[in-house]
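Those letters in the sequence shown? Residues 5 to 118, by my numbering.
Glycine residues also receive a C-beta, built at the ideal position from the N, C-alpha and C atoms.
None of the values given here were measured: they were computed from a predicted structure.
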Amino acid sequence: MSSGSAIRGSRVGSSPMRPDERTEPAPRRQVKYFCAAGHDSLIWFAAEAAAPETWDCPRCGQPAGLDQERPPGRSRIEPYKSHLAYVKERRSEEDAAAILAEALAKVRQRRGRE
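Right, here's the structure in full:
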C-alpha cells in the first residue's frame, strides 16, 4: 500500500541527484585571475559574459587581475570610524553646540520648564 506521497524521499527546493538526459548545462568558460599575494584563482563565467578586469581573490580578499605579470596592488584598508567621527567630519564644534542647545530647549519646553 502506498504512503500517499508521490514525491517520497525528496523535499521542496531539492535538485536532482544527476543531470537529466534531456537538459544540457549552459556553456561556460574559466578565467584565471592573479593577486599580488601570488594566488591564482579560476572563476567560471557564462561563455557570452564579459569577464571583469578585477575580481576579489577568494583566498586573501585582495583585488586580482587578468595579467599575471602585473597584478593589481593591495587595496588600502580604511580604519574603522565611529558614528561620532563621521559627524565630526561634517559639523564644527560651534555647530554641535548650537544643535545641542536647540535640542535641550525643546526638551525643557516639553517638560514645562523654560
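- At a Cβ-Cβ threshold of 8 angstroms, A54 and A30 do not count as neighbours.
- In this structure, the straight-line span from the alpha carbon of R63 to that of A41 is close to 10 angstroms.
- Across the set I47, P67 and H87, the C-alpha of I47 shows the shortest separation from the C-alpha of K36.
- Approximately 4 angstroms separates the beta-carbon atoms of P76 and P67; this is inside 8 angstroms, confirming the contact.
- Between G69 and T58, the beta carbon gap of about 5 angstroms places them in contact (Cβ cut-off 8 angstroms).
- Straight through space, the alpha carbons of L88 and R95 are spaced by roughly 10 angstroms.
- Taking the Cα positions, G116 is about 58 angstroms away from D60.
- DSSP places R114 in the uninterrupted alpha helix (DSSP H) bounded by E97 to R115.
- In the structure shown, K92 adopts helical secondary structure according to DSSP, grouped into three states.
- Residue E52 holds the alpha-carbon nearest to the alpha-carbon of R33 among E52, R80 and A102.
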